[in-house]
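Peer 1: The structure under discussion is supplied below as structure tokens; questions concerning it will follow.
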Amino acid sequence: MNEAVSFYIVQLLNGLAYSLLLFLLAAGLSLIFGMLDVVNLAHGSFYMLGAYLGYSILGWTGNFWVALILAPLLVGVLGMLLEGTFLRPLYKRGHLDQVLLTFGLAYIFMDLAKWIWGAEVRSVSPPPSLEGSLEILGSVFPKYRLFIIIFGLLVAFILWLILEKTRLGAIVRAGVSDKEMVSGLGININLVFRLVFASGVALAALSGVVAAPVLSLYPGMDFDTLILTLIIVVVGGLGTLGGSFFGSILIGEADVFGKVLLPDYALFIIFGVMAAVLVFRPSGLFRKGGA
Amino acid sequence: METLKVEGLCKNYGALKVLRQVEFTVRKGERRAIIGPNGAGKTTLFNLISGEVPVSQGKVFLHGQDITGLKPYQRSVRGLARTFQKNNLFLGLNVFQNVRLAVQAHQSVSHRFIAKYHRFQGINQKTEEILAHLGLTEKRDVPASDLSYGEQRQLELAVAVATNPQVLLLDEPTAGMSPAETFRTVELIASLPKDMTILIIEHDMDVVAAIADRMTVLHYGEVLADGLPHEVKANPRVMEVYLGLEEGEAHHAGA
Amino acid sequence: MQNVVPFQELQPGKRANEWKKYYLAALVIGLLLLFPFMNTSSYLINLLTEVFIFGIFAMSLDLILGFTGMASLGHAAFFGLGAYAAGIVAVRYSPDLFITLPAAVLVAALAALLVGLLALRTSGVYFLMLTLAFSQMFYAATFKWTWLTGGSDGLSGIPRPVLPFGGDSLINFFDSTNFYLLTLAVFLASYFLLWRIIHSPFGQVLIGIRENEKRMLAIGYETRKFKLASFVIAGAFGGVAGALNAFYIGYASPQDLFWAMSGQVLVMVIMGGAGTLIGPVLGAGLFLMLQNVVSSYTERWPIIMGAIFITFVLAAPKGMVGIYGKVAEKVRCRLWKH
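Residue numbers (this note's numbering), protein chains in the order written: chain A, 8 to 298; chain B, 9 to 263; chain C, 248 to 585.
Structure representation (structure tokens):
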């Protein structure tokens with residue numbers, strides 16, 4: 008009895024850690040969509056780049072924390088460059104072209120990663136200070152996963168603070184609901200777009216670095232992750248932080264419990280959840296407005 | 009015989025009440041003008057009747073049937089058609105194709121997926137007739153995107169008429185047209201079958217006078233007056249809040 | 248039949264043009280039929296065989312992308328399911344062409360129906376994301392269900408098809424010329440069918456949806472029904488292409504359903520020109536030629552392909568057909584001036 012309870016608690020926490028990694032991704036995707044009207048299909052690729060860059064930086068410096076800061080920054084700068092060169096000329100066109108463009112980028116990053124880091128599975132060890140386990144409510148739980156939970160919640164809180172309490176956040180929120188109004192206010196909308204895109208992909212990269220010690224690095228991780236993120240935004244709705252958050256928790260927990268309880272059908276459980284949402288609430292569980 | 013009836017129609021966007029308890033009944037063959045200043049809720053009323061926007065409260069009846077919950081295409085199948093204030097055309101298709109799609113919509117041939125569309129002579133002929141009727145024959149092979157604004161406006165009307173509706177909602181059909189085009193459009197609308205029920209949103213009082221046999225005045229989302237044109241014009245409340253404004257509008261429209 | 252359409256009477260030039268088109272088509276088909284017998288290298292025969300297979304695949308995607316205006320990023324799912332369905336039936340049951348090909352069509356169409364029913368509850372970007380997500384679900388399923396699909400090793404040993412009559416002695420499809428002729432026949436039939444679909448009342452509805460779905464709803468079309476039908480037809484043709492490919496390489500693998508395959512067919516359509524039937528076929532041809540050439544120099548084909556993809560999206564969104572149209576117009580303008 009006790010063992011069963013502790014089993015569920017551990018899995019619940021595992022699910023939470025996973026959910027928060029997914030939240031970083033979904034929040035970035037959702038933010039970019041809300042502001043730029045672009046579904047960034049290279050989002051998984053930026054996650055992958057973050058993870059691999061983190062792996063390399065860790066290899067050079069031997070310090071996980073440097074990797075944690077540096078890799079997302081580098082990916083953010085890359086995102087800035089890509090937004091300026093490739094996405095900007097397409098804002099005038101329909102967003103299909105923009106989506107296709109990010110699809111093309113995903114192709115390049117997939118092969119680039121294979122070229123640079125090879126096709127074998129790689130892993131990263133957590134920083135020494137976070138190795139080992141703790142006892143929580145009578146169950147043993149790895150320290151690093153606890154770190155993910157705390158870190159993820161912290162980032163979620165900071166994101167919420169920025170969006171709700173700062174001037175920049177107000178601009179972004181206004182931009183999500185009415186772009187013309189924002190450019191009418193004399194704000195440099197191009198700069199806002201660039202910053203939002205850079206932050207969105209940096210969040211994906213951050214998720215990649217944080218995930219590296221618990222999930223392995225392999226070619227294909229880009230799209231495996233992208234698909235989960237897309238499912239989350241379908242369930243939670245694009246353009247809202249809350250939707251991304253609760254969508255991530257639902258899908259993250261469903262995936263972890265699915266893998267533990269019904270390992271052969273884990274993927275179908277997630278798709279089942281999504282199908283159920285589509286059938287009963289096609290406008291998403293947490294999406295505002297609807298029909 | 010009543011064709012269209014709206015009952016206690018309300019539309020709210022958050023705290024904003026765009027329509028409040030709008031009620032009226034339209035008889036078969038009636039030509040009713042919906043007038044009122046900008047922001048009175050005229051287009052919203054049309055959106056609720058045609059199903060483009062869900063109602064907040066109230067009901068819409070077509071031929072005595074409650075159609076409030078129906079989708080736009082279901083209302084179209086039941087004989088309702090509308091034009092849009094902003095031209096809403098198939099811009100990449102030519103004039104003939106635009107109208108033919110509308111004719112085809114109610115001919116139950118759309119499931120035919122191997123037969124060539126050339127062979128459906130009835131549809132092609134009907135399309136030609138409508139083009140001729142609306143004076144668009146010369147432009148039949150011109151892409152809708154290449155038409156002048158006034159011509160697009162005419163095509164907008166043609167597409168709605170081509171569905172052969174019993175009730176037709178016209179949202180400012182002459183807006184932005186030259187006086188000559190306006191004159192032709194008024195003639196066209198007048199030449200539509202007598203049993204076709206028409207509701208028209210219009211700012212140009214000359215157009216209203218030429219077409220409408222009844223008027224409904226909307227003001228801040230409420231029906232201010234409803235009746236024969238001379239009754240409405242004599243209505244003190246209308247004189248007070250609407251016709252005062254109308255001076256400016258009439259000047260603008262009569263240019 | 249004396250059903251002459253009035254507007255063709257108005258424009259006599261148009262009729263002559265149409266006949267020119269028929270002559271040209273007959274000439275091209277004749278050349279393609281004779282192609283293998285003109286002392287052609289087997290390399291070229293095989294390349295063209297692939298062009299036909301991927302031409303069908305690209306045309307099928309274009310029915311939804313270019314003609315109905317719905318972006319699907321998971322079209323490889325139906326290609327791959329067709330490949331597996333035909334392969335499994337051929338390996339386990341019978342290589343009879345008239346069993347394997349219908350099996351591929353059936354499985355692909357049913358999968359498209361399932362995906363379409365769910366994904367079409369949304370629209371726009373959500374639809375697009377869902378097509379991608381569902382295709383990756385099928386991809387993962389081919390990995391998991393090893394007993395059926397052979398897992399990550401793929402399903403190998405798929406035989407070339409046989410005809411139910413005459414046996415191998417009549418037409419042996421292991422011969423590359425015969426297989427070329429088979430794919431050519433299926434390709435021409437697919438092209439003809441899709442051409443008829445586009446030029447049918449149903450096809451006109453699809454084009455109307457592409458142009459302005461809102462107005463289609465307003466004039467009385469239940470657009471979701473038509474979009475679903477278009478999606479299922481496209482899935483079925485995707486299945487045909489997948490089956491042919493499985494016969495051709497004797498092998499079906501999870502890669503057939505992978506997103507990269509969906510991207511590949513998207514590139515073909517966009518390179519050629521969406522919204523035309525010939526465009527995707529030309530796109531498939533150019534793509535496969537480039538792939539063949541580039542792959543002989545470098546392993547980094549995906550990067551180059553991604554770059555080509557981006558270049559076309561940025562610089563020539565209407566593809567080769569669009570470029571041709573622009574150039575032709577310019578030339579005509581020049582000629583008129585002089």
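Virtual Cβ for every residue (Gly too), placed ideally from N, Cα, C.
For T52 of chain B, which three-state DSSP category applies?
Peer 2: T52 of chain B falls in the helix class under three-state DSSP.
Peer 1: Hey, out of A:L38, A:D104 and A:G22, whose CA is closest to S251 of chain A's CA?
Peer 2: When only C-alpha atoms are compared, the closest one is A:L38.
Peer 1: Just grab the DSSP bridge partners of N20 of chain B for me.
Peer 2: DSSP lists B:K25 as partners of N20 of chain B.
Peer 1: Measuring CB atoms only, is the region 222-237 of chain A touching the region 48-58 of chain A, in the sense that at least three cross pairs come out at less than 8 Å?
Peer 2: Flag = yes, the region 222-237 of chain A and the region 48-58 of chain A touch.
Peer 1: For a contact defined as C-beta to C-beta under 8 Å, what are the partners of F449 of chain C on chain B?
Peer 2: Those are S118, H119, R120 and F121, listed as they occur along chain B.
Peer 1: Could you tell me which residues DSSP pairs with V560 of chain C in its beta bridges?
Peer 2: In DSSP, V560 of chain C forms no bridge with anything.
Peer 1: Using a 10 Å radius around the Cβ and a threshold of 16 neighbouring Cβ atoms, would you call M285 of chain C buried or exposed?
Peer 2: Flag for M285 of chain C reads exposed.
Peer 1: Across the region 78-93 of chain A and the region 533-542 of chain C, are there enough close Cβ pairs to call them in contact, namely three or more that are closer than 8 Å?
Peer 2: Cβ pair count under 8 Å is below three, so no.
Peer 1: At what residues does the beta strand (DSSP E) containing E248 of chain B begin and finish?
Peer 2: Unbroken run through E248 of chain B: none, as it is neither H nor E.
Peer 1: Can a CB atom of chain C be found closer than 8 Å to the CB of R35 of chain B?
Peer 2: No, because no Cβ of chain C sits closer than 8 Å to the Cβ of R35 of chain B.
Peer 1: Under a three-way DSSP split, which group does D104 of chain A fall into?
Peer 2: D104 of chain A falls in the helix class under three-state DSSP.
Peer 1: Rounded to whole angstroms, how far is the Cβ of G229 of chain B from the Cβ of A23 of chain B, which I believe are closer than 8 Å?
Peer 2: 13 Å between Cβ atoms; not a contact.
Peer 1: Is the Cβ-Cβ distance between T205 of chain B and T51 of chain B less than 8 Å?
Peer 2: Cβ distance not < 8 Å, so T205 of chain B and T51 of chain B don't count as in contact.
Peer 1: Considering Cα atoms alone, identify which of C:A358, C:M552 and C:V275 is closest to L435 of chain C.
Peer 2: The candidate whose alpha carbon is nearest that of L435 of chain C is C:V275.
Peer 1: From this set, B:N132, B:R28 and B:H141, which residue's C-alpha is nearest Q162 of chain B's C-alpha?
Peer 2: With distances taken between Cα atoms, Q162 of chain B lies closest to B:H141.
Peer 1: What residues from the region 429-459 of chain C come within 9 Å of chain B, judged by C-beta to C-beta, listed N to C?
Peer 2: The region 429-459 of chain C vs chain B, Cβ under 9 Å: L440, R443, I444, H446, S447, P448, F449, G450, Q451, V452, I454, G455, R457, E458 and N459.
Peer 1: Report buried or exposed for A105 of chain B, applying the criterion of at least 16 other Cβ atoms within 10 angstroms of its Cβ.
Peer 2: The residue asked about is misnamed: residue 105 of chain B is Gln in this sequence, not Ala. Classification of Q105 of chain B: buried, given that the 10 Å Cβ count is 16 or more.
Peer 1: Just to confirm, are I303 of chain C and A488 of chain C a CB contact at a threshold of 8 Å?
Peer 2: Against a cut-off of 8 Å, the Cβ pair of A488 of chain C and I303 of chain C comes out as a contact.
Peer 1: Spell out whether any CB of chain C is found under 8 Å from the CB atom of K124 of chain B.
Peer 2: By this cut-off, K124 of chain B is an interface position.
Peer 1: Check whether chain C comes within 8 Å of G100 of chain B, counting only Cβ atoms and requiring the distance to be less than that.
Peer 2: G100 of chain B counts as touching chain C.
Peer 1: Could you tell me the boundaries of the alpha helix (DSSP H) in which G51 of chain A lies?
Peer 2: From DSSP, the alpha helix (DSSP H) with G51 of chain A extends over H50 to T68.
Peer 1: Do three or more CB pairs link the region 13-21 of chain A to the region 144-152 of chain A at distances below 8 Å?
Peer 2: Output reads yes: the region 144-152 of chain A touches the region 13-21 of chain A.
Peer 1: Does the region 208-216 of chain A come within contact of the region 68-88 of chain A, defined as at least 3 CB pairs closer than 8 Å?
Peer 2: Counting Cβ pairs under 8 Å, three or more are found: they touch.
Peer 1: How about I43 of chain B and E210 of chain B: are their beta carbons less than 8 Å apart?
Peer 2: Yes, Cβ-Cβ distance for I43 of chain B and E210 of chain B is below 8 Å.
Peer 1: Name the two residues that bound the continuous beta strand (DSSP E) containing L165 of chain B.
Peer 2: Looking at the DSSP string, L165 of chain B is not in any beta strand (DSSP E); the run it does join, the alpha helix (DSSP H), is Y157 to V169.
Peer 1: Alpha carbons only, please: which of A:L170, A:D185, A:M281 and A:A126 is nearest the one belonging to L248 of chain A?
Peer 2: Here the closest residue by C-alpha is A:L170.
Peer 1: Looking at chain C, is there any beta carbon in it that lies within less than 8 Å of the beta carbon of A110 of chain B?
Peer 2: Answer yes: the Cβ-Cβ gap between A110 of chain B and chain C drops below 8 Å somewhere.
Peer 1: Given a cut-off of 8 Å on the beta-carbon distance, is the pair Q383 of chain C and Y125 of chain B in contact?
Peer 2: No; because the gap between Cβ atoms is not below 8 Å, this pair is not in contact.
Peer 1: Does L367 of chain C have its Cβ less than 8 Å from a Cβ in chain B?
Peer 2: By this cut-off, L367 of chain C is not an interface position.
Peer 1: In chain order, what residues of the same chain have a beta carbon less than 6 Å from the beta carbon of F69 of chain B, not counting five sequence neighbours either side?
Peer 2: Closer than 6 Å at the Cβ level, and outside the excluded window around F69 of chain B, lie K13.
Peer 1: Who are M223 of chain B's beta bridge partners in DSSP?
Peer 2: Paired residues: B:A41 and B:G235.
Peer 1: Along the region 264-297 of chain A, what residues have a CB closer than 9 Å to any CB found in chain C?
Peer 2: Within the region 264-297 of chain A, the residues whose Cβ lies closer than 9 Å to some Cβ of chain C are D271, Y272, L274, F275, I277, F278, M281, A282, L285, V286, P289, S290 and G291, listed in chain order.
Peer 1: Counting only C-beta atoms, is I466 of chain C closer than 8 Å to chain B at any point?
Peer 2: For I466 of chain C, the answer is yes, since a Cβ of chain B falls inside 8 Å of its Cβ.
Peer 1: What residue range is occupied by the uninterrupted alpha helix (DSSP H) comprising K134 of chain B?
Peer 2: It spans Q129 to H141 - the alpha helix (DSSP H) in which K134 of chain B sits, taken as one unbroken run.
Peer 1: Is the CB of W122 of chain A under 8 Å away from at least one CB in chain C?
Peer 2: Yes - at least one Cβ of chain C is within 8 Å of the one on W122 of chain A.
Peer 1: In angstroms with no decimal places, state the Cα-to-Cα distance between A220 of chain B and R40 of chain B.
Peer 2: Computed Cα separation, rounded: 5 Å.
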